[in-house]
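J.: Protein chains in written order, with our numbering: chain A, 168 to 252; chain B, 18 to 133.
Idealized CB from N, CA, C, for every residue including glycine.
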């Protein structure tokens, strides 16, 4: 139902909330890209700039879909947003 | 613009940063505009420390008095209290303890949520 923006400091709280959504879309943003996608369920995206600058591209390959800010805007416009970033 | 339901959630510790105070200030702003939006406050994570009955809330007192006039509700997440070894006896009377599963309805009902 919603798109969740997950940064690291509140990521664990947000992750618990995503479990209450039957169809969550999760965007890992800023230090949120350090969160382990294997601990999350739903469609998972990661901000490509945040992933690349932290050297995490290989680690997140196949686990999170890389998106840019234009794609993030589309997700925000098309969905309800729950922001933890 | 019409009246909207706004959920302000606080996840950071209440002292040593500007987030709690700025969040409360922003909440007052939302209730005080022409549209008088309906605001709900949710304390979770380290934000629950604000709910301690002995916490010094003097800095936000003016904001809180304004919010009381619009029947703003304050919720604090039970699991996050327990994780910090805070008992419900230690919580201020104007706080309502809520299970995390029940916070989902707050998010569903809210038109927008803001993170502080």
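1) For residue 177 of chain A, count the other beta carbons within 10 Å of its own beta carbon; 16 or more makes it buried, fewer makes it exposed. Which is it?
2) By how many angstroms is the C-alpha of residue 196 of chain A removed from the C-alpha of residue 42 of chain B?
3) In this structure, does DSSP put residue 89 of chain B in helix, strand or coil?
4) Could you pull the start and end residues of the beta strand (DSSP E) that residue 184 of chain A belongs to?
5) Residue 101 of chain B to residue 129 of chain B, Cα distance in whole Å?
6) Please list, in chain order, all residues of the same chain as residue 36 of chain B whose beta carbon is under 8 Å from its beta carbon, the five residues on each side excluded.
7) Under three-state DSSP, which class holds residue 227 of chain A?
8) I'd like the list of long-range same chain contacts for residue 232 of chain A, defined as Cβ closer than 8 Å, with 5 residues on each side in sequence excluded.
9) Looking only at its chain, what residues have a beta carbon closer than 7 Å to the beta carbon of residue 112 of chain B, apart from the 5 residues adjacent to it on each side?
10) Return no unless some Cβ of chain B is closer than 9 Å to the Cβ of residue 190 of chain A.
11) When you check each C-beta in the stretch 223–238 of chain A against every C-beta of chain B, which residues fall closer than 7 Å?
12) Pull up the DSSP beta-bridge partners for residue 58 of chain B, would you.
T.: Checking against the coordinates, here is how it stands:
1) Label assigned to residue 177 of chain A: buried.
2) 26 Å
3) coil
4) In the DSSP assignment, residue 184 of chain A falls outside any beta strand (DSSP E) and lies within the alpha helix (DSSP H) extending over 178–185.
5) 28 Å
6) 27, 29 and 133
7) Three-state result, residue 227 of chain A: helix.
8) Cβ neighbours of residue 232 of chain A beyond the five flanking positions: 210, 211, 212 and 213.
9) Take residue 112 of chain B, set aside five residues on each side of it, and the residues of its chain with a beta-carbon closer than 7 Å to its own are 68, 91 and 93, in chain order.
10) Among the CB atoms of chain B, none fall inside 9 Å of the CB of residue 190 of chain A.
11) none
12) B:25 and B:91
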